[in-house]
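Beneath this line is the structure, given in structure tokens, with notes to follow.
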């Protein structure tokens, strides 16, 4: 039996007693001096973070743009292979927010699941259900759809009233939970900057996992996020922090500093579960 | 003075008397036998198509998923460099449908405009205006936002009534034309499978350029598309065809077959301008 993304996530919630997702958004100009200029600096930096935090997280989330901007797809491949080899059972979400017609989405699915060996991908719902189907053809993989995003412009479309006071992000939550998620592979992105909306999404989708970016550098409140989004069992969340953990330290001991912040964040989250 | 994407597009409409966009969606299993198995097959195939059709198009549109699925980012870089060098003045749209928060969109802009040297990128509007702003920071580049897409699931969200009968894609068209396009860098994607909706978008956005995929393999009607979408001056459209042109021939003369189909398509479009 293959383990599915959802099963791996549930196991990691338990094993590491953690709802924390560490986002891997490598910015070489912020790396410690000893890594600057190395051709494998992105891999080495992220490997340091991963090895220092793997016992504190429920998943890792590399953001592909930060690798692609530096022609570092090979380092992303190596990083995900390293996570699978050294930290088996910790799922990897490729944060790519892809979205395209079916024939093109098939190619994105090959990129994410066969080339990069990610366990789940983030995707946009704007093009509708058949833009998501090709990812679901990989039964052990997850698809995490944008619902309510943490950025200021998130309201431009997501807050539109699509009938009887229902907002677009609520419709997306309902569509995914009741129509698209026929195989239990789906999850949703809901930003931590809007706890009332996390609670609203939770009330719509039952126990569907929610990926919640926006704590840490983006300013989301941990207590409000956990209380709004947790399931009855005290899980259901992947609470993502990137910059606050990645760049906690600035010297050769950067990974130790990241471990420390990740541990504090994990524990802060656990206080409200 | 740098030439902007919009200026290049307008010049190519005139110079080649064409509204045709050739979409570059390379699928190695469909390549002619003499290219099969070559490590640079994707580049060589696309170069053959580009050189055979460059005098018949207003732009080229490589779809990045078809390159990324084959670890062929280097061939995509080489292809775009080849187009700029050998066919100056023909703009290149990177079809990537990216969409993310501002700090990540900055990385995608580096990927598209600095690494790949594309002249424009396709992007999703779901995350709102600040997810688009980083692309607009490159004043000579274009941003082409998804509005009404040609796939069956396009209606799932895009057709929702966001108030007084206005549908989501109409709101996107209005937002982009009246609020986001302050610098004249924006365009919209509107599928050829819905001519009445192309006409509706045209009535909302004035002379804003429209990228129209869906003729050829996807079955959109050329006459209806042109009549619905053209501006008063008989331009305003990038009508994209991929598979019908790319895979017109199957042997060593594949590029000649593609030239023939591209010419017929260009001329068919021109009959209705």
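Chains as they are written, first to last, in the working numbering: chain F, 7 to 279; chain C, 7 to 279.
For each residue, glycine too, the CB sits at the ideal point set by N, CA and C.
query                                                                                                                          : result
Cutoff 8 Å: residue 46 of chain F Cβ touching any chain C Cβ                                                                   : no
Neighbour flag for residue 131 of chain C against chain F, beta carbons, 8 Å                                                   : yes
8 Å contact criterion, which residue 275 of chain F and residue 245 of chain F should meet: CB distance rounded                : 6 Å
Beta-carbon proximity of residue 174 of chain F to residue 133 of chain C, cut-off 8 Å                                         : no
Sufficient close CB pairs (3 or more, under 8 Å) joining the stretch 115–124 of chain C to the stretch 146–162 of chain F      : no
Whole-angstrom distance between residue 89 of chain C and residue 56 of chain C, CA atom to CA atom                            : 7 Å
Unbroken alpha helix (DSSP H) run spanning residue 142 of chain C, endpoints                                                   : 139–142
For residue 165 of chain F, the three-state DSSP class (helix, strand or coil)                                                 : coil
Collapsed DSSP secondary structure at residue 282 of chain C in the structure displayed                                        : In the structure displayed, chain C extends from 7 to 279; residue 282 of chain C sits before or after that span and is not available.
Sequence-distant residues of the same chain with beta carbon closer than 7 Å to residue 201 of chain F, five excluded per side : 227, 230, 231, 234
Cβ-Cβ distance between residue 99 of chain F and residue 65 of chain F below 8 Å                                               : yes
Residue of F/160, F/178, F/186 minimising C-alpha distance to residue 139 of chain F                                           : F/186
Minimum Cβ-Cβ distance from residue 5 of chain C to chain F less than 8 Å                                                      : Residue numbering for chain C in the displayed model covers 7 to 279; residue 5 of chain C lies beyond these limits and cannot be assessed.
Residue 51 of chain F CB to nearest heavy atom of the ligand MG below 7 Å                                                      : Of ligands this structure carries none, so the ligand MG is not represented either.
The alpha helix (DSSP H) enclosing residue 264 of chain C, as first and last residue numbers                                   : 260–276
Cα-Cα separation, residue 260 of chain C to residue 259 of chain F                                                             : 57 Å
At least three beta-carbon pairs within less than 8 Å, the stretch 182–196 of chain C to the stretch 189–200 of chain F        : no
is_contact[residue 99 of chain C, chain F] using C-beta, thresh 8 Å                                                            : no
Chain-ordered chain F contacts of residue 116 of chain C [CB-CB under 7 Å]                                                     : 75
Backbone secondary structure at residue 63 of chain F - three-state DSSP                                                       : coil
C-beta atoms of residue 26 of chain F and residue 272 of chain F nearer than 8 Å                                               : yes
CB contact check: residue 159 of chain C to chain F, cutoff 8 Å                                                                : yes
Beta-carbon proximity list for residue 4 of chain F, same chain, < 6 Å, skipping 5 on both sides                               : Outside the displayed range of chain F (7 to 279) lies residue 4 of chain F, so it cannot be described from this structure.
First and last residue of the uninterrupted alpha helix (DSSP H) at residue 207 of chain F                                     : 201–211
Cβ neighbour criterion (16 or more within 10 Å) applied to residue 145 of chain F                                              : exposed
Segment contact, 8 Å Cβ cut-off, at least three pairs: the stretch 60–77 of chain F with the stretch 110–117 of chain C        : yes
Short CB-CB distance (under 8 Å) between residue 142 of chain F and chain C                                                    : no
Limits of the unbroken beta strand (DSSP E) element including residue 129 of chain F                                           : 126–129
Minimum C-alpha distance to residue 30 of chain C - residue among C/251, C/266, C/263, C/176                                   : C/251
DSSP three-state assignment for residue 14 of chain C, whether helix, strand or coil                                           : helix
Environment of residue 209 of chain C [buried if 16+ CB atoms lie within 10 Å]                                                 : exposed
Under 7 Å by beta carbon: chain C residues contacting residue 168 of chain F                                                   : 166, 167, 168
Distance CB(residue 11 of chain F)-CB(residue 131 of chain F) smaller than 8 Å                                                 : no
Expected contact under 8 Å - CB spacing of residue 216 of chain C and residue 196 of chain C to nearest Å                      : 5 Å
Selection from C/181, C/116, C/94 that minimises the alpha carbon distance to residue 104 of chain C                           : C/116
CB contact flag (residue 222 of chain C, residue 248 of chain C, <8 Å)                                                         : yes
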